[in-house]
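Numbering (the working numbering), first residue to last: 1406 to 1480.
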């Protein structure tokens, strides 16, 4: 991920530091939005007994825009 990448969350503007991939779609997130995502997962897990990123994918608009190409995958 290049240093000029910005957080995928609309209007954020902070540098992206982490990537989250769900079903081949990638979101680049700043630390703040990554923490919020983890908090949401924790809340869902407490409600239902378990949670995964796939459960939250429909509510995460930042996962809809970009697909990770096979050439950019890290090993």
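All C-beta atoms, glycine included, are put in the ideal place defined by N, C-alpha and C.
Rounded to whole angstroms, the Cβ separation of residue 1427 and residue 1459 is 6 Å, and the two are in contact under 8 Å. With respect to the 7 Å criterion, residue 1423 and residue 1411 are not classified as neighbours on the basis of their beta carbons.
Sixteen is the threshold: when 16 or more other Cβ atoms of the shown chains lie within 10 Å of the Cβ of residue 1413, as they do, the residue is buried.
The DSSP-derived three-state label of residue 1422 is coil. In the DSSP annotation of this structure, the continuous segment of the beta strand (DSSP E) that includes residue 1434 starts and ends at 1430-1434.
Taking C-alpha positions only, residue 1440 is separated from residue 1461 by approximately 14 Å.
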